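The structure appears below as structure tokens.
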Amino acid sequence: MDAFQRLGRELTIRAFGRLPIHAYFLYTWKRKIPETAQAKIEETRFRFPGMFLSTEKAITELPPVQCGEFFSALCNCASLLCIFLLQNPGEHQVDIYRHQLHMFLLSCCNNDVSDQFDMSEFIGFVSWMMASRPYIVNGQSRPELDASFMPLSDSNALGRALDYVEKIQLACTYIMVNSHQAQFRSHFNWTTFLQVSRGFVGPSTRRSGPHPSLTLRVRRMFGGATERRPQRPVYNLALVIDATPDVLDESYEPVGLRVESKEFCTPLLEAPEHAECLICQEPMKIWANAEKYWEIDETLIDFWMTCEGWQKLPVTTKCHHGYHQGCLDNWVNVSCAYARNKCPLCRTELCRARGRHPRTVESIVYPQILPEEIAQPAGDRELPENSYGDHDDGEDGLTISDDINQYINLGGDDGWVTDDELDDELLNHLVFD
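Residue 22 is where the sequence shown starts when you use this note's numbering, and the numbers rise one by one after that.
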């Protein structure tokens, strides 16, 4: 029995997968949610309203068994996402994976709720849960050990990653189930709730299409040297999902009249205690007289926009996402994104789109090159340190890039393993039934 088989057996013995979640699923029927958990639920619902609208729709519109299958599929997606996000994917890779994961969800439960489910917000939800639950060792938070997961090249690294995935999978499921306790009780009796539970663990949840790739195919760097990776980020899906390549292109500038704030947002009068702006990730403090200030003439508002206090005014969009007024105004009126008239998170159209045109040559700022740098021989120049740009690995002249059509090093200098083979190894230990 090799290392991967021993690891899979150990995880199976520890009941990684459906059993503890299923037990908790039934336990929530009569369980009173603690106040501390309720605060976390309210904050989560405020951050990701679209996701919870979809899960509520699943409860109210789907038959009991299909409702359980839908929650089970989301649980599977959370596990796959966690493994994927641990590898620090780039923005383009996240965008591709979002589409593949949505196809996987439809293969698990093909219905209108799954078809309309906003996978971009779900990626943000799982990423946020990962950031709020760092790696724990002996009861102590050890976020610096997140880097020890990578690369997923041996049973030890894979074991640590899967142990972490188990915690995230449970945490995501607990949030989704607890947040809908009232809906479960109002739409189901105990008998039908058991049918939901059976759908959650039933054999139909195992009949799914091909899962999206669990690995990033990134070529090893500098002839097998260990690649340094940044600390795992919380993905700000407001700026990366559905983004065209020139979303933040500085060669464009906005033209025409500004879009008035009243066209795309209204004051936010209530919010959870620890609510944050979904763009800048900074706290939002509710203003006592927000509606009074909102009635002021728009020209004065534009003048006051130079004041930091006014920029921090909490506002909400018609899709119920919360932002600072200044952050959202910059998105609509200053940025040159194609989607600047849509909600940064869910892409709901908020207002008319402000025009844009290419900047003139004179208005584009280019980096200044000093005369002494031009005179200095190229071989003597001190190059900036960059682990993720395009590099020559010095062995075979191949270029190192974020191209996902390459491979991940899985065995040091002894050889390469394709990403499909690694996926098979990972799935042997992800017990979904």
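We treat Cβ as the ideally placed atom computed from N, Cα and C, and that holds for glycine. From a predicted model like this one, the values you see are computed outputs, not experimental measurements.
Of the listed residues the options, nearest to residue i (C-alpha basis)
| i | options | result |
| --- | --- | --- |
| residue 145 | 372, 376, 367, 371 | 367 |
| residue 200 | 364, 80, 362 | 80 |
| residue 364 | 191, 339, 87 | 339 |
| residue 184 | 121, 137, 100, 221 | 100 |
| residue 194 | 210, 221, 74, 303 | 221 |
| residue 62 | 197, 291, 370, 305 | 197 |
| residue 456 | 141, 136, 152 | Nothing about residue 456 can be read from this structure; the chain reaches only from 22 to 454. |
| residue 188 | 205, 277, 119, 96 | 96 |
| residue 283 | 69, 336, 139 | 336 |
| residue 152 | 109, 82, 214 | 109 |
| residue 116 | 306, 139, 213 | 139 |
Residue span of the alpha helix (DSSP H) that contains residue i, given as start and end
| i | result |
| --- | --- |
| residue 336 | Looking at the DSSP string, residue 336 is not in any alpha helix (DSSP H); the run it does join, the beta strand (DSSP E), is 335 to 337. |
| residue 97 | 85 to 106 |
| residue 126 | 112 to 129 |
| residue 70 | 70 to 82 |
| residue 206 | 202 to 208 |
| residue 303 | Here residue 303 belongs to no alpha helix (DSSP H), and DSSP marks it neither H nor E. |
| residue 149 | 140 to 153 |
| residue 284 | 282 to 285 |
| residue 134 | 133 to 136 |
Beta-carbon spacing of residue i, residue j below 7 Å
| i | j | result |
| --- | --- | --- |
| residue 67 | residue 374 | no |
| residue 217 | residue 85 | yes |
| residue 286 | residue 349 | yes |
| residue 77 | residue 130 | no |
| residue 150 | residue 94 | no |
| residue 147 | residue 102 | yes |
| residue 72 | residue 125 | no |
| residue 74 | residue 98 | no |
| residue 107 | residue 182 | yes |
Residue range of the beta strand (DSSP E) that includes residue i
| i | result |
| --- | --- |
| residue 345 | 343 to 345 |
Whole-angstrom distance between residue j and residue i, CA atom to CA atom
| i | j | result |
| --- | --- | --- |
| residue 274 | residue 352 | 13 Å |
| residue 345 | residue 280 | 16 Å |
| residue 372 | residue 219 | 45 Å |
| residue 208 | residue 87 | 14 Å |
| residue 289 | residue 298 | 11 Å |
| residue 277 | residue 342 | 26 Å |
| residue 432 | residue 356 | A caution first: residue 432 carries a pLDDT of 37, below 50, which makes its placement in the model unreliable, though a value can still be read off. When rounded, the distance between both Cα atoms is 45 Å. |
| residue 120 | residue 111 | 15 Å |
| residue 190 | residue 203 | 22 Å |
| residue 334 | residue 291 | 12 Å |
| residue 205 | residue 376 | 47 Å |
| residue 118 | residue 69 | 19 Å |
| residue 132 | residue 92 | 13 Å |
| residue 293 | residue 127 | 33 Å |
| residue 361 | residue 305 | 22 Å |
| residue 369 | residue 354 | 16 Å |
| residue 214 | residue 82 | 14 Å |
| residue 307 | residue 212 | 44 Å |
| residue 303 | residue 59 | 22 Å |
Buried versus exposed call for residue i [16 or more other C-beta atoms within 10 Å across all chains shown]
| i | result |
| --- | --- |
| residue 186 | buried |
| residue 136 | exposed |
| residue 210 | exposed |
| residue 64 | buried |
| residue 347 | buried |
| residue 249 | Note that residue 249 scores 36 on pLDDT, short of 50, meaning its location in the model is unreliable and no value can be drawn from it. |
heavy atom of the ligand COA below 6 Å from residue i C-beta
| i | result |
| --- | --- |
| residue 361 | The ligand COA is not among the ligands present in this structure, which contains no ligands whatsoever. |
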